[in-house]
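Novice:
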Amino acid sequence: MKAWHWAGLTLGLLGMLLTVLLLPPGWGWSLWGSWILVALSLWRLAQRDPGWWPPGLALVATLLLIEGLLRGYGVPGGLIPTPSRVLLTCWTLRELLWRDVLQTFFLEALVGLLIGAGIAGVLALLMTYVPWLQRGLLPYVAALGSVPIPAFAPVMITAFGIDWPSKAAVVAVVVLFPLLLNLVKGLTDIPPAMLDLLHSYHATPWQRLRWVRWPHALPYVFNGLKIAITLAAIAAIAAEFMGSPSYGLGFRIRSEAGRFQFDRVWAAIVYATVGSTALFAAVVALEKRLLFWERR
Amino acid sequence: MPMLWVGLALLMIWPGVAMLVNYPVAAARLAQGAQLDCETAWRCAQELSRPVIPFPAQLWSGLVNLSWPLNSSTLPYNALYTAAETLAGLGLALLVGAVTGTVLAFSRAFERMVLPWLVASQNVPIIALAPVIAVLLGQFGVEGLLPKAIVSAYIAFFPLSIGIARGLQRVHPLQLDLMRTYASRSWQVFLWLRIPAALPMIFTSLKLSVTMALVGAMIAEISIVSFAGLGPMILGRLQFSDTTGLWAIMIYAAGIGILMVQGIQLLERLVLRGRP
Chain A
85 MKAWHWAGLT
95 LGLLGMLLTV
105 LLLPPGWGWS
115 LWGSWILVAL
125 SLWRLAQRDP
135 GWWPPGLALV
145 ATLLLIEGLL
155 RGYGVPGGLI
165 PTPSRVLLTC
175 WTLRELLWRD
185 VLQTFFLEAL
195 VGLLIGAGIA
205 GVLALLMTYV
215 PWLQRGLLPY
225 VAALGSVPIP
235 AFAPVMITAF
245 GIDWPSKAAV
255 VAVVVLFPLL
265 LNLVKGLTDI
275 PPAMLDLLHS
285 YHATPWQRLR
295 WVRWPHALPY
305 VFNGLKIAIT
315 LAAIAAIAAE
325 FMGSPSYGLG
335 FRIRSEAGRF
345 QFDRVWAAIV
355 YATVGSTALF
365 AAVVALEKRL
375 LFWERR
Chain B
820 MPMLWVGLAL
830 LMIWPGVAML
840 VNYPVAAARL
850 AQGAQLDCET
860 AWRCAQELSR
870 PVIPFPAQLW
880 SGLVNLSWPL
890 NSSTLPYNAL
900 YTAAETLAGL
910 GLALLVGAVT
920 GTVLAFSRAF
930 ERMVLPWLVA
940 SQNVPIIALA
950 PVIAVLLGQF
960 GVEGLLPKAI
970 VSAYIAFFPL
980 SIGIARGLQR
990 VHPLQLDLMR
1000 TYASRSWQVF
1010 LWLRIPAALP
1020 MIFTSLKLSV
1030 TMALVGAMIA
1040 EISIVSFAGL
1050 GPMILGRLQF
1060 SDTTGLWAIM
1070 IYAAGIGILM
1080 VQGIQLLERL
1090 VLRGRP
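Residue numbers (the numbering used here), protein chains in the order written: chain A, 85 to 380; chain B, 820 to 1095.
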């Protein structure tokens, strides 16, 4: 019976596409009809098949439905723009938004992440060799990381100015805790036999760090990085909401939302989503490369 | 005990750091010939009206100034207001998340179509949508506490629904078999086995989402015209670059966040007492 479901799916998607493209007013029933056809056949197919295409097609169908509904019912484009218009804006504003991406992701999120990672590295080394610092300092770092970003960003803005360094500072503080926690765990949770072996080799402390502790910590580092990279994007954007020079994705989103230019807002959101997904993917790719021994 | 020592050490460093960053500012202003009620840059650095980092004494007086008297323009009232928004949002998210999570846990087709997007949303700055939702809700006439609660619910919804779905599925096959030998119906399995099994995970995702829900509520506050809550207070203080006031607000906001996490932890211990 599978062929029937595929046929239904294709027919429904085509119907939706045609309705959206050629929609004369009053053809809403055709949109609903084809959407129900898509939903039912997709439902039956998804019950049987895992994989990428049930969620992918569900997204396509949802976007088509939104597009059709917005057009069919004549919702004013200023309030909720159609997906196609958002895509168009993504293209027409590409230079402006690329400047925003540079500001938010590269100057703020990545620089902040690097600073945070540097501080985490120093603190983690300290905590590895002075264990009571773990109990003494970690709770404070945790508390610092849990300060709500909208309350923390203004303090950094008054200290570092309104441009990107203040946001990088926010990012550095926010990512510090997950990075530090994972790094400390990785550096200290070593099976004693490994350290004993190195001891019997008469290894120097540096060699112990380089050949046992660091490789052991690496998977933990990547776990921390995966959390941190997402947090970094969130923190940069949320910090920009509190005040920034006239560029940056967070600034763009907030100011254009205030001016009811929602197609630009959504375009900025698309860029933010793609950007943070790309950063996350980059971390995962780096992990696969560096952690070749853990490949599943 | 180590915490106490480190805390003391941090307190000792604080005035030094504050002097380090404030001294150049004070010296520069003196060199410009500003009329300050102090003689040396050393004294002036401790009395700047807009310090880069406030001294302990300055921060203390700022905290007292903003905490007293108790009315709608001081911190306690506004902090409670923001906390109320966040709690209402968490409640809402729990409700919607429970429905979505249940459907996710029991419909394989729905799970396959929707769960990948929910999981992907974890790696995406969903906070970017907060101003849009707040402004749209304002357009549709939703006012007062509700729009902020809805935004914070939206932030908390994603981790919560994933947590609930995973929790409901996390029952041991042996336990399911046992329930079957009791001839229990599926709603009984749900009520007496699945929900209790899901509770620890629900609490974990609640704890994870509460801080971001608070962030969402505050961003909703600054995205639309609001008159109560910490967000408007921050914007007001930021206009005058009142550093000390901003620090005081930050301390309150951090306090709310920490108290909420502790509260959930307490609730967790109460609900899950007697479990390993």
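Even glycine gets a Cβ: it sits at the ideal position worked out from N, Cα and C.
Report the option in A:T176, A:W295, A:L124 and A:A365 whose CA atom is closest to the CA atom of A:A91.
Specialist: Within the first sequence, numbered from 1, the residue matching residue 91 of chain A stands at position 7. Nearest of A:T176, A:W295, A:L124 and A:A365 to A:A91, Cα basis: A:L124.
Novice: So, helix, strand or coil for B:I832, using DSSP?
Specialist: Numbered from 1 along the second sequence, position 13 holds the residue referred to as residue 832 of chain B. Helix.
Novice: Quick check on B:T1023 - is its C-beta less than 8 Å from some C-beta in chain A?
Specialist: Counting from 1 along the second sequence, the entry for residue 1023 of chain B is found at position 204. Judged by the 8 Å Cβ criterion, B:T1023 is not in contact with chain A.
Novice: Take A:L154 and list the residues in its own chain whose beta-carbon comes closer than 7 Å to its own, dropping the five residues that flank it on each side.
Specialist: Looking up residue 154 of chain A in the first sequence gives position 70. I164 and T166.
Novice: List the residues of chain A that B:I1041 touches, going by C-beta distances under 9 Å, in chain order.
Specialist: For the purposes of this step, residue 1041 of chain B is identified with residue 222 of the second sequence, where counting begins at 1. Within 9 Å Cβ-Cβ: P234, F325, M326 and R338.
Novice: My output table needs one value for B:D996: the three-state DSSP class, helix, strand or coil.
Specialist: Walking along the second sequence from the start, residue 996 of chain B turns up at place 177. DSSP places B:D996 in helix when its eight states are reduced to three.
Novice: 8 Å is my cut-off, CB to CB: does B:I969 come that close to chain A?
Specialist: What you label residue 969 of chain B is simply residue 150 of the second sequence in a count that begins at 1. Not an interface residue.
Novice: Could you tell me which of B:L894, B:V933 and B:L911 sits nearest to B:R1056, measuring between CA atoms?
Specialist: Taking the second sequence and counting its residues from 1, the one referred to as residue 1056 of chain B is at position 237. For the residues B:L894, B:V933 and B:L911, the minimum Cα distance to B:R1056 belongs to B:L894.
Novice: Should the stretch 252-270 of chain A be called in touch with the stretch 294-305 of chain A, which here means at least 3 C-beta pairs below 8 Å?
Specialist: The stretch 252-270 of chain A vs the stretch 294-305 of chain A: in contact.
Novice: Please classify B:L867: does DSSP put it in a helix, a strand, or coil?
Specialist: Taking the second sequence and counting its residues from 1, one reaches residue 867 of chain B at position 48. B:L867 falls in the coil class under three-state DSSP.
Novice: Rounded C-beta distance between B:S1024 and B:L979? I'm assuming under 8 Å.
Specialist: Stepping through the second sequence from its first residue, residue 1024 of chain B is reached at position 205. Stepping through the second sequence from its first residue, residue 979 of chain B is reached at position 160. Their Cβ separation, rounded to whole angstroms, is 5 Å, which keeps B:S1024 and B:L979 in contact under 8 Å.
Novice: Are the Cβ atoms of A:G327 and A:P238 separated by less than 8 Å?
Specialist: Numbered from 1 along the first sequence, position 243 holds the residue referred to as residue 327 of chain A. Numbered from 1 along the first sequence, position 154 holds the residue referred to as residue 238 of chain A. Yes, they are a contact pair.
Novice: Return yes when the Cβ of A:A323 is within less than 8 Å of the Cβ of A:K251, no when it is not.
Specialist: The count along the first sequence starts at 1 and reaches residue 251 of chain A at position 167. The count along the first sequence starts at 1 and reaches residue 323 of chain A at position 239. Going by C-beta atoms, A:K251 is nearer than 8 Å to A:A323.
Novice: Exposed or buried, what is A:I233 when buried is set at 16 or more other beta-carbons lying within 10 Å of its beta-carbon?
Specialist: Your numbering for residue 233 of chain A matches position 149 in the first sequence. So A:I233 counts as buried.
Novice: In whole angstroms, what separates the C-alpha of B:Y896 from that of A:V195?
Specialist: Here residue 896 of chain B corresponds to residue number 77 of the second sequence, with the count starting at 1. Here residue 195 of chain A corresponds to residue number 111 of the first sequence, with the count starting at 1. Computed Cα separation, rounded: 37 Å.
Novice: Write down every uninterrupted run of the alpha helix (DSSP H) in the stretch 860-948 of chain B whose length is 4 residues or greater and which is fully enclosed by it, in chain order.
Specialist: Those alpha helix (DSSP H) runs which fall completely within the stretch 860-948 of chain B and span 4+ residues are 860-864, 875-886, 894-925 and 927-940.
Novice: Closest Cβ-Cβ distance between B:N942 and chain A: below 8 Å?
Specialist: Within the second sequence, numbered from 1, the residue matching residue 942 of chain B stands at position 123. Chain A contact via Cβ: present.
Novice: Strictly below 7 Å CB to CB, what residues from chain B border A:G220?
Specialist: One-based indexing of the first sequence puts residue 220 of chain A at position 136. Neighbours of A:G220 on chain B, chain order: P821, M822, W824 and V825.
Novice: Please work out which residues of its chain come closer than 6 Å, Cβ to Cβ, to B:A984, disregarding the five sequence neighbours upstream and downstream, and give them in chain order.
Specialist: Counting from one through the second sequence, the residue named residue 984 of chain B turns up at place 165. Here the set comprises G920, L923 and A924.
Novice: Run through DSSP, which three-state label would B:L1091 get?
Specialist: Translated into the one-based positions of the second sequence, residue 1091 of chain B becomes position 272. Here B:L1091 sits in coil by DSSP.
Novice: Can the beta-carbon of A:D184 be found closer than 8 Å to that of A:R336?
Specialist: Against the first sequence, residue 184 of chain A aligns to sequence position 100. Against the first sequence, residue 336 of chain A aligns to sequence position 252. Yes, Cβ-Cβ distance for A:D184 and A:R336 is below 8 Å.
Novice: So, with DSSP's three-state summary, where would you put A:Y224?
Specialist: Here residue 224 of chain A refers to the residue found at position 140 of the first sequence. Helix at A:Y224.
Novice: Does B:A1002 come out as helix, strand or coil in the three-state DSSP assignment?
Specialist: For the purposes of this step, residue 1002 of chain B is taken as residue 183 along the second sequence, with counting starting at 1. Reduced to three states, the DSSP call for B:A1002 is coil.
Novice: Looking at the secondary structure, which residues open and close the alpha helix (DSSP H) in which B:D1061 lies?
Specialist: Within the second sequence, residue 1061 of chain B is the residue found at index 242, counting from 1. First-last for B:D1061: undefined, no H or E at that position.
Novice: Between the Cα of B:A917 and those of B:A1017, B:G1050 and B:R1088, spot the shortest distance and give me the residue it belongs to.
Specialist: Residue 917 of chain B sits at position 98 when you count from the first residue of the second sequence. B:A917 has its Cα closest to that of B:A1017, out of B:A1017, B:G1050 and B:R1088.
Novice: Taking all protein chains shown into account, decide if B:D1061 is buried (16 or more other Cβ within 10 angstroms of its Cβ) or exposed.
Specialist: The sequence position of residue 1061 of chain B within the second sequence is 242, counting from 1. Flag for B:D1061 reads buried.
Novice: Please list, in chain order, the residues of the stretch 1062-1094 of chain B that have any C-beta partner in chain A closer than 9 Å.
Specialist: Taking 9 Å as the Cβ-Cβ cut-off against chain A, the residues of the stretch 1062-1094 of chain B that qualify are T1062, L1065, W1066, I1068, M1069, I1070, Y1071, A1072, A1073, I1075, G1076, I1077 and V1080.
Novice: Just checking: is the beta-carbon of A:Y157 within a distance shorter than 8 Å of some beta-carbon in chain B?
Specialist: Numbered from its first residue, the first sequence carries residue 157 of chain A at position 73. A:Y157 does not count as touching chain B.
Novice: Under three-state DSSP, which class holds B:S1024?
Specialist: As a working note, residue 1024 of chain B is residue 205 in the second sequence. DSSP places B:S1024 in helix when its eight states are reduced to three.
Novice: In chain A, which residues lie with their C-beta within 7 Å of the C-beta of B:R927?
Specialist: Against the second sequence, residue 927 of chain B aligns to sequence position 108. The answer, in chain order, is Q131.
Novice: Quick one: grab the DSSP three-state call for A:C174.
Specialist: Taking the first residue of the first sequence as position 1, residue 174 of chain A is located at position 90. Here A:C174 sits in helix by DSSP.
Novice: Quick one: what does DSSP say B:Q851 is sitting in, helix, strand or coil?
Specialist: As a working mapping, residue 851 of chain B is identified with position 32 in the second sequence. Note: B:Q851 maps to coil in three-state DSSP.
Novice: Round the Cβ separation of B:I1043 and B:P944 to the nearest angstrom and send it over; I've been treating them as touching at under 8 Å.
Specialist: Taking the second sequence and counting its residues from 1, one reaches residue 1043 of chain B at position 224. Taking the second sequence and counting its residues from 1, one reaches residue 944 of chain B at position 125. Going by Cβ atoms, the distance from B:I1043 to B:P944 rounds to 20 Å, so no, they are not a contact pair.
Novice: Report the three-state DSSP secondary structure of A:W136 (helix, strand or coil).
Specialist: Here the question's residue 136 of chain A lines up with position 52 in the first sequence. It is coil, neither helix nor strand.
Novice: Please list the partners that A:T272 has in chain B, where partner means a Cβ-to-Cβ separation under 7 Å.
Specialist: Within the first sequence, the letter at position 188 stands for residue 272 of chain A. Correct list: empty, because the minimum Cβ distance to chain B is about 15 Å.
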